[in-house]
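Notes follow once the structure below has been shown.
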Amino acid sequence: MTTPSLYLIDGHAQIYRAYYAPFGALSSPSGEPTRAIHVFTQMLLNLLRDRRPTYLAMAMDVSDRTVFRVDIDPEYKATRDKSPEDLGPQIDRIVSIVKAMNIPILRLEGYEADDLMATLARRHASPELDVYLVSRDKDLDQLLTDHVRMYDPAKDVVIDQDKMRSEKGFGPERAIEAQMLMGDSTDNIKGANGVGPKKAAQLLDKYGSVDAIIAHADELTPRLRENILEFATRKDVVRQLVTLKTDVEFPFRLEDALTENFNINGAAPILLELGLRRLVERVADDEAPAAVVKKATPQAKAPAQGLLFADPETAIDADRLPDGFTGYTPEGVDYQLIATEGELASFAATLAKQKAFAFDTETTGLNPASADLCGISIAWEPGKAYYIPVRGVGATLDESIVRKTLGPIFADERIAKCGQNIKYDIVMLESVGFEVRNIDFDTMIASFTLDSARRSHGIDQLARELLQYEKIPTQDLIGKGRSMTTFDKIETDRTCAYACEDADIAWRLREVLESQMASADTKSLFEDVELPLVDVLAAMESRGVALDLQVLETLNGMMTKRLDELEAEIHDAAGRPFNINSTKQLGEILFDEMGLRVVRRTRTTRSTDAEVLETLAGETELPLPRLVLEHRELSKLKGTYVDALPALVNPKTHRVHPSFHQTGAITGRLSCSDPNLQNIPIRTELGAQIRRAFVPGEPG
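Positions 49 to 748 (our numbering) are the ones given, in order, by the sequence shown.
So, in structure tokens, the structure goes:
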């Protein structure tokens, strides 16, 4: 059984690496630079897909001049060049994307990302949990153990202790000593003159430590001896600079980094705004592929546009297709556009005679509660499909006429319906007045039930893997950069091939997956549990939940007022103002100035975490521990729920429409996003008040 894993991304290091990656310049439709955003997001999605971490978080640096190492040496990082002017806005965008995915971002005033990663590595690495540091920073060499490794996403290489020793000539136990000798020009840390990686490895191999090298300086060449003795006067400061903190106190719960709770699709609106359509496809592939502006204009075996916009692991250039691989060709299929009411009536008469069909919807957005329907594609035999457009450029049909004509067929329980991620299509159709009954197959859920570890259950990947078929690329249809458009603005005759292909491929995948399911142990799970759940979840999403904004507004005012009061009370109780979020300053007041008991120590400091504060609150009449606890809880609830929930209210329905995901976790656990209703607090009075904002109907 695979050991669970925690991946910690060195945020700034990976963003800089993305910025300087050998890719051409990219920009959004508004001219905003996006190269670093594209490369970093591609890396993140590849990591989640290919490495399948159990937990993941990203650590970020704060201002270089606030880091504790500057107090040790004011020249620390003082010689660094300013960041490129166009990088700062891209960092902000990347942070927004990561937050939208619900991935924890870790940063703390006074410490660097490396210190936070080092602390979590020491805190969580064990035989039951492997920690991977997503970085090639040599500063992290000192952290490697049997259960702590580095991972280089650019090369897809894991660096463990053995690999480090073979590459560098020393192991993690001597990494600090080597770093001291070599110094670090990037951070303006001066080591011993004339000592590089090779010489450091040789000296440590012979003498074992910096102190031993200094003690045997007389055995060295005259010049090296002089350099080592000069370095000896600075070695203690250098040691402090290169040694990572492994006992930093900061709030982090492992369960908050559980990848099965991430909302990868949450980044889609930002990526759409930036014109990164290929990435939109990727983030939506497992959750709502039919919602994405779709794949392409008809072109025989269209190329995947090169690795800049394609996923190098999965995109296949038509000129390099393996033997037996196929793709769209107009001559190989019969895809028809239903463009008149007469054609629609004739089509409906034929459709009503079928025992089953696959269908897919084309829309203007990822959220069916707020998107507009653009068309419906339907197939019931391989290589043949039909597209009924209701929005687009050119021939379209009135939505009400399509609903009146096809609605009874979709509601007919005698006719079975199937599709890919069909819950999305059900919610979409029901939002415009359809009723959809007798869903008897979903290719995405069938794939997940058969093999939850498959790297993707999206239709593009399933077509490649199970049908040896490369679907039409989106970019050929919607363009890119300044010329990029949206699905309802595309000619319907150009859309037809792509839309029909989706329904056709879903129908073909059903046959393959149904055959695999027939002999699978999970057949009963699929038929008796997962498939019936689709209708239930679709109904829940369609209905949504009313959110009483007045309750949240009142709570916001109360919380803001109380936080201001608490800040004043805390400063009054402490006898002076201080940074409430600084564990160091809080510790000085509690233990040095107030003389309270040190409940627990880490290696280098005194803990002031929640458990310690609760203990102190029970042991003393002094109000400070209790007040700080209340301030921490209130700040978290306000930011996570009271401030965030109003933005999720749908402007059309005035309700919150969460998305439920059956394929989000390898364990099979149901997950929820936008918002995550499973994580709303319940055990506190404030949590109960937040829950009161969720009401059964429209607020009165």
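For each residue, glycine too, the CB sits at the ideal point set by N, CA and C.
- DSSP places S53 inside the beta strand (DSSP E), whose first and last residues are S53 to D58.
- Counting C-beta pairs closer than 8 Å gives fewer than three between the segment 165-184 and the segment 310-320, which falls short of the contact rule.
- In this structure the segment 290-298 does not touch the segment 123-137; the number of beta carbon pairs closer than 8 Å is below three.
- Sorting E615, Y383, A226 and T388 by C-alpha distance to the C-alpha of I426 places Y383 at the top.
- Spatial neighbours of N150 in its own chain (CB-CB distance under 6 Å, excluding positions within 5 residues in sequence) are listed in chain order as F310 and N311.
- For the 8 Å CB-CB criterion, L324 and H86 form a contact.
- By the neighbour-count definition (other C-beta atoms within 10 Å, threshold 16), E278 is an exposed residue.
- Counting along the chain, no alpha helix (DSSP H) covers P437; the unbroken beta strand (DSSP E) around it starts and ends at K432 to P437.
- K283 sits close to M228, with the two beta carbons spaced by under 8 Å.
- I426 has F407 and Y434 as its beta-bridge partners, per DSSP.
- In the DSSP assignment, G231 forms a beta bridge with K238.
- Per DSSP, the continuous alpha helix (DSSP H) segment holding L251 begins and ends at P245 to Y255.
- Pairing M476 with A419, the inter-Cα distance amounts to about 8 Å.
- Within a 10 Å sphere around the beta-carbon of I449 sit fewer than 16 other beta-carbons, which makes this residue exposed.
- Straight-line spacing of the CA atoms in E539 and G440 works out to 6 Å.
- In this structure the segment 199-206 touches the segment 92-99; the number of beta carbon pairs closer than 8 Å is three or more.
- With fewer than 16 neighbouring CB atoms inside 10 Å of its own CB, R648 falls in the exposed class.
- For E539, the three-state secondary structure derived from DSSP is strand.
- Contact between the segment 474-493 and the segment 447-463 is established, with three or more Cβ pairs separated by less than 8 Å.
- For the pair I153 and V146, the CB atoms are nearer than the 8 Å cut-off.
- When DSSP states are grouped into helix, strand and coil, F298 belongs to the coil group.
- Residue pairing of K465 in beta bridges, as defined by DSSP: F405 and I487.
- Under the DSSP assignment, V118 falls in the alpha helix (DSSP H) whose first and last residues are F116 to I120.
- With contact defined as three or more Cβ pairs closer than 8 Å, the segment 58-75 and the segment 208-226 are not in contact.
- Residue pairing by DSSP places S75 opposite P81 in a beta bridge.
- Taking C-beta atoms under 8 Å as the contact rule, T701 and E297 fail to qualify, at a distance of about 44 Å.
- With respect to S630, E160 sits apart: the two C-beta atoms are not nearer than 8 Å.
- Within the segment 666-744, the alpha helix (DSSP H) runs of at least 4 residues that lie entirely inside it are, in chain order, 672-685 and 733-739.
- Approximately 5 Å separates the beta-carbon atoms of H679 and L614; this is inside 8 Å, confirming the contact.
- By the Cβ test, the segment 667-679 is not in contact with the segment 554-563, since fewer than three Cβ pairs between them sit closer than 8 Å.
- L56 is positioned such that its CB atom lies closer than 8 Å to that of V179.
- As a beta-bridge residue in DSSP terms, M106 pairs with I57 and I153.
- One thing to note: P699 has its Cβ no nearer than 8 Å to the Cβ of P723.
- Taking each of Y64, D259, T398 and E636 in turn and checking the Cα distance to F88, the smallest one comes out for Y64.
- Rounded to the nearest angstrom, the Cβ distance from F574 to A494 is 6 Å, consistent with a contact under 8 Å.
- The alpha carbon of N241 has as its nearest neighbour, out of G231, F496 and G467, the alpha carbon of G231.
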